[in-house]
Amino acid sequence: MRRGSCAARSPCGSWGTGREGRLPRRHQGDGPRPGPAAGRAGRPALPPGPRPHRPGEERTGAACDLEKPEGFAAALDAAEAGLGGLDAVIVTAGLFATQDRLEEDVELARRLLTIDFAHTVVFCEHARKRLLARGGGTLCVFSSVAGERGRKPVALYGAAK
17 MRRGSCAARS PCGSWGTGRE GRLPRRHQGD GPRPGPAAGR AGRPALPPGP
67 RPHRPGEERT GAACDLEKPE GFAAALDAAE AGLGGLDAVI VTAGLFATQD
117 RLEEDVELAR RLLTIDFAHT VVFCEHARKR LLARGGGTLC VFSSVAGERG
167 RKPVALYGAA K
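Right, dumping it as structure tokens:
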């Protein structure tokens with residue numbers, strides 16, 4: 017479990033690939049970056065990965081741990097307060113382990129299935145209610161190709177996705 021940044025952030029600026037995530041203040045041109053051979057109109061290509069923080073750029077974040085559902089409401093409260101409301105909630109978090117590791121450690125398997133499925137659904141229900149109370153919005157939940165293609169090396173992980 018680690019906090020990281022995705023090579024391509026969502027239009028609403030969701031950060032994180034570990035089970036802890038952040039909701040930055042606003043999107044300012046982030047998103048997929050062209051690779052080394054994909055420069056535009058004579059400009060050099062940008063390196064892959066998220067764009068560095070620019071001086072003077074304001075960002076606000078709210079930590080949310082999908083292993084601790086008792087903190088979901090507080091995380092959404094903090095995000096709403098820091099952002100002045102929510103029009104979109106993007107979930108990109110989860111816990112990963114290989115099938116071999118999950119078969120060796122039943123407690124890890126329980127944690128993964130709980131975080132990646134049950135707690136993600138509960139978090140989405142909290143977010144859905146808030147978005148509907150505002151008149152609607154976007155709830156976008158990233159999954160994994162492992163949930164689409166059943167493969168033995170990641171069978172339990174894929175089932176939770």
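Taking the numbering used here as reference, the numbering of the sequence shown is continuous, increasing by one, and the terminal residue is 177. Positions of the beta carbon are idealized from the N, C-alpha and C atoms, including for glycine. Quantities reported herein were computed from a predicted structural model and do not represent experimental measurements.
Pairwise C-alpha distance: residue j and residue i
{"i": "C178", "j": "D121", "result": "The first residue shown for the chain is 17 and the last is 177, placing residue 178 beyond what the model contains."}
{"i": "F88", "j": "P169", "result": "31 Å"}
{"i": "L99", "j": "A143", "result": "14 Å"}
{"i": "E123", "j": "G174", "result": "17 Å"}
{"i": "K177", "j": "S160", "result": "6 Å"}
{"i": "L172", "j": "I131", "result": "12 Å"}
{"i": "P71", "j": "R126", "result": "43 Å"}
{"i": "K145", "j": "E83", "result": "20 Å"}
{"i": "A95", "j": "G152", "result": "17 Å"}
{"i": "R150", "j": "T114", "result": "40 Å"}
{"i": "R117", "j": "H135", "result": "21 Å"}
{"i": "D93", "j": "T76", "result": "13 Å"}
Test item: CB-CB of residue i and residue j under 7 Å
{"i": "A91", "j": "A78", "result": "yes"}
{"i": "P85", "j": "V137", "result": "no"}
Whole-angstrom C-beta distance between residue j and residue i, which should lie under 8 Å
{"i": "V105", "j": "F158", "result": "Between F158 and V105 the Cβ distance is about 12 Å, and since that is not below 8 Å, they are no contact."}
{"i": "L147", "j": "L102", "result": "6 Å"}
{"i": "C140", "j": "L155", "result": "6 Å"}
Other residues of its chain near residue i: CB distance less than 7 Å, five sequence neighbours each side excluded
{"i": "F112", "result": "Y173"}
{"i": "F133", "result": "A176"}
Neighbourhood of residue i by C-beta, 6 Å cutoff - its chain only, sequence neighbours within 5 removed
{"i": "E119", "result": "none"}
{"i": "A97", "result": "none"}
Query raised in the report: Can you give, in chain order, each stretch of the beta strand (DSSP E) that sits fully within the segment 97–122 and has at least 3 residues?
Result: 104–107
Query raised in the report: Hey, which unbroken runs of the beta strand (DSSP E) at 3 residues or more fall wholly within the segment 134–158?
Result: Listed in chain order, the complete beta strand (DSSP E) runs (minimum 3 residues) inside the segment 134–158 are 154–157.
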